[in-house]
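Visitor: To start, I am sharing the structure in question, which I have written as structure tokens.
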Amino acid sequence: MSTEKKIKVLVCKPGLDGHDRGAKVLARALRDAGMEVIYTGIHQTPDDVVNTVIQEDPDAVMLSMLSGAHNALCPLIMEKLKEHGIDDVLVAVGGIIPDEDKVFLENHGLKGFYGPGTNLKTIVEFVKNNLKR
Amino acid sequence: MTEHDKIKKEMEEWENSILRKKERKQSFRNLSEIEINRLYTPNDIKEFNYELDLGFPGQYPFTRGAYPNMYRGQLWTMRQFAGFGNAEQTNKRYKFLIDHGNTGLSVAFSLHTIYGIEATDPRALGEIGKEGVAIDSLKDMETLFDGIDLSKISTSMTINGPASILLALYIVTAEKQGHTAEQLRGTIQNDILKEYIAQKSWIFPPEPSMRIIVDTIEYCTKHVPQWYAISISGYHIREAGSTAVQELAFTLADGFAYVEAAIERGLDIDDFAPRLSFFFNSHNNFFEEICKYRAARRIWARHMKGRYGAKQIESMRLRFHTQTAGVSLAAQEPENNIARVTIQGLASVLGGTQSLHTNSFDEALCLPTENAVKIALRTQQIIAYESGVTDTVDPLAGSYYVEWLTNKMEEEAENYFKRIEDLGGVVPAIKANFFQKEIANASYKYQREIENRERKIVAVNQFEQREPCSVPLLKIDEEVASEQIRKLNKLKEERNNDQVQEKLERLKEAARGTENLMPFIIDAVREYTSIGEIINALKEVFGTYYEDSIF
Amino acid sequence: MDYSNFISQLLKGNPRAVARLITFVENDIDAAEEIINSIYEYTGKAYILGITGAPGTGKSTFISTLTKFYVDEGKKVGIICVDPTSPLTGGALLGDRIRMKQNFSLKNVFIRSMANRGQLGGLARATEDVIKILDAYGCDIIIIETVGVGQSEVDIFKSAQTVVVLLVPGLGDDIQAIKSGIMEITDIFVVNKMDFPGADKKVAEIKQMLEFRNNYKYDSKDLSVKYAKIELWTPEITKVNSKTGENFDELLKLIKKHELFLKESGVISNYMKNRITNETLQILKHKLTQKIEELLTSNKEIGEYINQAIQKSLDPYSMANLIIKKLGLN
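Protein chains in written order, with this note's numbering: chain Y, 1 to 133; chain V, 1001 to 1551; chain Z, 2001 to 2330.
Rendered as structure tokens:
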């Protein structure tokens, strides 16, 4: 049996926030850790994110959000993924997520919550250890 | 033996005596990767010429300061950036700040306003009022400045794509208060080039964007003479991950591009140059930042005089606002940020800033609370009134290190100017992704250095403790968004929609031609046309910009 | 694992099934075998275009615009973008999708990013399999995008019916980069960014290069793809503006012209032969290499040979011949 499985990750920026320094740095770090990374760019609507997930079939989706729109957009993304029967993808959100919003987002199936100052290695390990498939 | 030879000899002996002593690091590089020596002596500035390199403050080449007696005459403006929720809430915060000693207003806008889309647009979902005050129309603007006399205060508006519209809104709001445009003082950021490079809040492609900017410069030169039509920014470039030298070089290069565009329009440099201002970051490396500001003034003066032929002293004077580095704020042990901001604020003062915003310590987590903002303001006041650094102008001049580093940064900036010119100028360089690549590489390198502990951040990768954060945070009520949408819909029913349509048509026609758009925007705004409607009309003519992304 | 559900969904046109099947074939060659087994009869309808060019030639914008034209014609398009895997880290940044302006609805366009996973030649091992999946899904056109640099990134011609190479004015070294190798396999040269100064000059440079090459004659009875490309088909040259769509109708006509040529000249059957041979060869290489590696590391008899080689009483060539005999392949 021959397996050459690689971990495929989508790094996305949903919403209007254009601050992509962290997302780009994370994309490079994941690549350096041996993963295949697609960065979707900024200004992604929830539909954009979901359509990309449908076609690229990643193992993990990393949502970078710094503008405070996470409570509105993340659950919407999770809902749409569910509608398409996608439930085996790790969906994580990071950026600026106040502690008090974590429980709400966790209840919608999101994980991660890494913010400023997080060591990239930590996030890489998190991805490796939390894949759903 | 000359003085220099003597020093050289004695320095060698001195270095030999410390050769066996181990140092904390292999190499001491600053944030622009410039190697910093153990000691600086007169030999490091051998060709130093006081007249040519420094001169006197307020005089060419302005190295020592933009104005003659600087803070002895007038302290820098304490201008704390503020804006959140709806216009009422922000109006309250402005009044609080003014009560506590803020001497100029600075407006932060909601992300949807920044992109010129209406609160009712689906893309605005979740974003309304979170990052700044939600402004959709003249009605919001009137509420924002309710009870604040616009003829007595200067206002800086951090807005780029729709800057011309916000300026129009400000003018009409002031008009309703009974003031003329000539009385108004303030700035619009209006720097689209750095949006393509760093902040990414563009709307139209580069060419029509430049046209609108020159329109605003031209309009202000004629009708709003005390207004700064543009705040050429390095802050965001630095926040995106550039080094200090890159911040310096890319910002000034953008400045030159705007100057060239205005000259091409036929404007006289001595007419518009005095209306240009700058906006820099103040980051962690204390001396690097001070030297950056000094180098900036000197470079600008030299180019404006030597290259663009400016004749008036006003045209060569670089004035700037500073904000302490948002990106340096740590979420771990946030109170430490107060110390960071103090150092950064002090650097900008020693560098001669005209106005300053100091970040609040909780901003790595959320928009600042009232208490945090007060501390940030007090920090400036303590520097101003208690530290004594304002008693003399440019106190660090003559330091061997400072003069050496100022020279070095100027040299490296000039290298960048050459590279940009080789690419054909700033706009072609943007299209070739030159700046974006430099920034992406610098930010990745910096992150690696932090993870390797080559660069230490206290409580983040040095002296770390795992304590939960217990700082109270500012929460934006979700009601704000729904209310804003309701208000906008109501406004659209109440206003004269025929007039709105007519003004939009006239605006589109002017956009297709070459007329200055400001009067048409002002007309539209008076009828309570929304920012989103104006931007949509302009998009029909100018198109939308799509980034050719690299990472 | 049972793939039949995915396959029936694929044939019904479910994009999620497409994506999952692609993931399976990419990651597991045994899964690939099963899946291709089941869908092979449903393939053969799609027309395959290979698009390549040096970095900076505007491939993504070009493909975006080309796709829009096809979608407007009512066609279903599949796009496979292949990017290199880092030899140091084994990871990859798949940066083509982000550059597609997507001025079309994803209902009729399926875009998939792949890393080449160390395979030389410009494509990934699984690219052929992915093409088949998209074919069975119902794509009328399948576009494969790779970066074409140097002489080794030419595998695209083994999988594509028409190979298009993109050049741009002002990028001095792109003709240098395509001097040999890619030059020989190109069916249509497209000068992108035709609004830039130097576009006509670039067209002239290409013409000159082709004339120079045509001075070498080959045996014209040889209808193999490689020679057919040199002898029977004169590569077309055109220019386009991918931002405005200018001249794309001309380009589409040329692609159609090539498609017809392949059929009418009979070269198409040799192309098919070539393609199937190559595909099978790749699979054989993969399987046999595995088997041989296993032998070399675990078989006792071969372990003996290796010891003899160390003692210098058996050289590697002789050892190889012994192994071939052992496998019954001589």
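Idealized CB from N, CA, C, for every residue including glycine.
#1: From E1464 (chain V) to R31 (chain Y), what does the alpha carbon distance come to, in whole angstroms?
#2: Which residues does DSSP pair with I38 (chain Y) in a beta bridge?
#3: In chain order, what residues of the same chain lie with their CB nearer than 6 Å to the CB of A1249 (chain V), ignoring the 5 residues before and after it?
#4: Tell me, please, whether the segment 1314 to 1325 of chain V touches the segment 1274 to 1283 of chain V by the rule of three or more beta-carbon pairs shorter than 8 Å.
#5: Using only the alpha-carbon positions, how far apart do W1575 (chain V) and L1356 (chain V) sit?
#6: Determine the DSSP secondary structure at F2006 (chain Z), reduced to helix, strand or coil.
#7: Using the three-state DSSP reduction, which class does H1179 (chain V) fall into: helix, strand or coil?
#8: Does the segment 2001 to 2018 of chain Z come into contact with the segment 1522 to 1536 of chain V, if we say contact requires no fewer than three beta-carbon pairs (one atom in each stretch) closer than 8 Å?
#9: Below 7 Å between beta carbons is the criterion; list the residues of the segment 2104 to 2132 of chain Z that meet it against any residue of chain A, in chain order.
#10: Just how far apart, CA to CA, sit K2221 (chain Z) and Y2047 (chain Z)?
#11: Can you list, in chain order, the residues of its chain whose CB lies under 7 Å from that of A2019 (chain Z), leaving out five sequence neighbours each side?
#12: Ordered along the chain, which non-local residues of its own chain (more than five positions away) have a Cβ less than 6 Å from that of K2217 (chain Z)?
#13: Flag this pair as yes or no: are the beta carbons of I2063 (chain Z) and I2079 (chain Z) separated by less than 8 Å?
#14: Have a look at the DSSP bridge pairing and note the partners of G95 (chain Y).
#15: For S2265 (chain Z), return the contacting residues in chain Y, with the cut-off set at a CB-CB distance below 8 Å.
#16: Just to confirm, are Y2271 (chain Z) and Q2161 (chain Z) a CB contact at a threshold of 8 Å?
#17: At a cut-off of 7 Å, is L1125 (chain V) close to the ligand HEM when judged by its beta-carbon and the heavy atoms of the ligand?
#18: Which residues of chain Y have a Cβ atom closer than 9 Å to the Cβ of I1338 (chain V), listed in chain order?
#19: Looking at the C-beta of K5 (chain Y), does it have a partner C-beta in chain Z at a distance below 8 Å?
#20: Figure out for me which residue from V:A1481, V:Q1026 and V:S1328 has the closest Cα to the Cα of Q1089 (chain V).
#21: By alpha-carbon positions, which one of Z:P2084, Z:I2237 and Z:E2236 ends up nearest to P2055 (chain Z)?
#22: Shorter than 8 Å from the beta carbon of N2027 (chain Z) to some beta carbon of chain Y?
#23: Over what stretch of residues does the alpha helix (DSSP H) that includes Y2042 (chain Z) continue unbroken?
#24: I need the DSSP call for S1277 (chain V), collapsed to helix, strand or coil.
#25: Would the beta-carbon of F1048 (chain V) fall within 8 Å of that of E1403 (chain V)?
#26: For the beta strand (DSSP E) that C2081 (chain Z) lies in, which residues bound it at each end?
#27: Only counting the same chain, and skipping five residues up and downstream in sequence, which positions put a Cβ closer than 7 Å to that of D1191 (chain V)?
#28: Please check the pair G1126 (chain V) and A72 (chain Y), which I expect to be a contact at CB under 8 Å, by giving their CB distance rounded to whole angstroms.
#29: On a Cα-Cα basis, can you pick out the residue from Z:Q2009, Z:M2100 and Z:Q2290 that is closest to T2065 (chain Z)?
#30: Output the distance between the C-alpha atoms of K2256 (chain Z) and E2236 (chain Z), rounded to the nearest integer angstrom.
#31: How many angstroms separate the CA atom of E2259 (chain Z) from the CA atom of I2268 (chain Z)?
#32: Using Cβ-Cβ distances below 8 Å, what residues of the segment 29 to 54 of chain Y are close to chain Z?
#33: What's the call for G2013 (chain Z), buried or exposed, on a 16-neighbour Cβ count within 10 Å?
#34: What does the alpha-carbon distance come out to for the pair D2219 (chain Z) and I2185 (chain Z)?
#35: Run through chain V and tell me which residues come within less than 9 Å of I96 (chain Y), C-beta to C-beta.
#36: Could you give the residue range of the beta strand (DSSP E) that holds H1112 (chain V)?
Guide: The answer reads as follows:
#1: In the second sequence, counting from the first residue as 1, residue 1464 (chain V) sits at position 464. In the first sequence, counting from the first residue as 1, residue 31 (chain Y) sits at position 31. Distance between the alpha carbons of E1464 (chain V) and R31 (chain Y) is about 27 Å.
#2: Counted from its first residue, the first sequence places residue 38 (chain Y) at position 38. Y:L10, per the DSSP bridge assignment.
#3: Here the question's residue 1249 (chain V) lines up with position 249 in the second sequence. Answer for A1249 (chain V): A1413 and Y1416, listed in chain order.
#4: yes
#5: Outside the displayed range of chain V (1001 to 1551) lies residue 1575 (chain V), so it cannot be described from this structure.
#6: Numbered from its first residue, the third sequence carries residue 2006 (chain Z) at position 6. Three-state DSSP puts F2006 (chain Z) in a helix.
#7: Residue numbering aside, residue 1179 (chain V) sits at position 179 when the second sequence is read from its first letter. Three-state DSSP puts H1179 (chain V) in coil, outside helix and strand.
#8: no
#9: The structure shown contains no chain A; its protein chains are Y, V and Z.
#10: To locate residue 2221 (chain Z), count along the third sequence from 1; it is residue 221. To locate residue 2047 (chain Z), count along the third sequence from 1; it is residue 47. Reliability fails at K2221 (chain Z), whose pLDDT of 49 lies under 50, so the model's placement of it is uncertain and no value is given.
#11: Taking the third sequence and counting its residues from 1, one reaches residue 2019 (chain Z) at position 19. For A2019 (chain Z), where only same-chain residues beyond five positions count, there are no Cβ hits under 7 Å.
#12: As a working mapping, residue 2217 (chain Z) is identified with position 217 in the third sequence. Reliability fails at K2217 (chain Z), whose pLDDT of 48 lies under 50, so the model's placement of it is uncertain and the value that follows must be treated cautiously. Here the set comprises nothing.
#13: Here residue 2063 (chain Z) refers to the residue found at position 63 of the third sequence. Here residue 2079 (chain Z) refers to the residue found at position 79 of the third sequence. Yes; because the gap between Cβ atoms is below 8 Å, this pair is in contact.
#14: Numbered from its first residue, the first sequence carries residue 95 (chain Y) at position 95. DSSP output for G95 (chain Y) lists Y:M65 as bridge partner(s).
#15: The residue given as residue 2265 (chain Z) occupies position 265 in the third sequence. Those do not exist, as S2265 (chain Z) stays about 36 Å from chain Y at its closest Cβ, beyond 8 Å.
#16: By one-based count along the third sequence, residue 2271 (chain Z) stands at place 271. By one-based count along the third sequence, residue 2161 (chain Z) stands at place 161. Taking 8 Å as the Cβ cut-off, Y2271 (chain Z) and Q2161 (chain Z) qualify as a contacting pair.
#17: Among the ligands in the structure shown, none appear at all, so the ligand HEM cannot be discussed.
#18: Numbered from 1 along the second sequence, position 338 holds the residue referred to as residue 1338 (chain V). Within chain Y, no residue comes near I1338 (chain V); the closest Cβ sits about 17 Å away, beyond 9 Å.
#19: The count along the first sequence starts at 1 and reaches residue 5 (chain Y) at position 5. By this cut-off, K5 (chain Y) is an interface position.
#20: On the second sequence, position 89 is the one that residue 1089 (chain V) refers to. When only C-alpha atoms are compared, the closest one is V:A1481.
#21: The residue given as residue 2055 (chain Z) occupies position 55 in the third sequence. For P2055 (chain Z), the nearest C-alpha among the options comes from Z:P2084.
#22: For the purposes of this step, residue 2027 (chain Z) is taken as residue 27 along the third sequence, with counting starting at 1. So, interface residue.
#23: Position 42 of the third sequence holds residue 2042 (chain Z). No alpha helix (DSSP H) contains Y2042 (chain Z), which DSSP labels as neither H nor E.
#24: Reading the second sequence from its first residue, position 277 is the one you call residue 1277 (chain V). In this structure, S1277 (chain V) counts as strand in the three-state DSSP scheme.
#25: Locating residue 1048 (chain V) in the second sequence gives position 48, counting from the first residue. Locating residue 1403 (chain V) in the second sequence gives position 403, counting from the first residue. Yes. Within cutoff.
#26: Sequence index remark: in the third sequence, residue 2081 (chain Z) carries index 81 (1-based). Taken as a continuous stretch (DSSP letters only), the beta strand (DSSP E) holding C2081 (chain Z) covers V2077 to D2083.
#27: Position 191 of the second sequence holds residue 1191 (chain V). Taken in chain order, the residues that qualify are N1160, I1230, S1231, I1232, S1233 and D1254.
#28: Along the second sequence, read from residue 1 onward, the residue named residue 1126 (chain V) stands at position 126. Along the first sequence, read from residue 1 onward, the residue named residue 72 (chain Y) stands at position 72. With 8 Å as the limit, G1126 (chain V) and A72 (chain Y) qualify as a contact, their Cβ atoms being about 3 Å apart.
#29: As a position in the third sequence, residue 2065 (chain Z) is number 65, starting the count at 1. Considering only alpha carbons, the answer is Z:M2100.
#30: Within the third sequence, residue 2256 (chain Z) is the residue found at index 256, counting from 1. Within the third sequence, residue 2236 (chain Z) is the residue found at index 236, counting from 1. Straight-line Cα distance between these residues: approximately 12 Å.
#31: Residue 2259 (chain Z) sits at position 259 when you count from the first residue of the third sequence. Residue 2268 (chain Z) sits at position 268 when you count from the first residue of the third sequence. Approximately 9 Å between the Cα atoms of the pair.
#32: L30, R31, D32, A33, G34, M35, E36, V37, I38, Y39, T40, G41, N51, T52 and I54
#33: Along the third sequence, one-based indexing puts residue 2013 (chain Z) at 13. Answer is exposed; the Cβ neighbour count stays below 16.
#34: Here residue 2219 (chain Z) corresponds to residue number 219 of the third sequence, with the count starting at 1. Here residue 2185 (chain Z) corresponds to residue number 185 of the third sequence, with the count starting at 1. Annotation note: pLDDT 48 at D2219 (chain Z) (below 50); position unreliable, coordinate value reported separately. Answer to the nearest angstrom: the Cα atoms are 17 Å apart.
#35: As a first step, residue 96 (chain Y) is located in the first sequence; it is residue number 96 there, counting from the start. Correct list: A1331, A1364, L1365 and C1366.
#36: The residue given as residue 1112 (chain V) occupies position 112 in the second sequence. From DSSP, H1112 (chain V) is part of no beta strand (DSSP E) but of the alpha helix (DSSP H) over L1111 to I1114.
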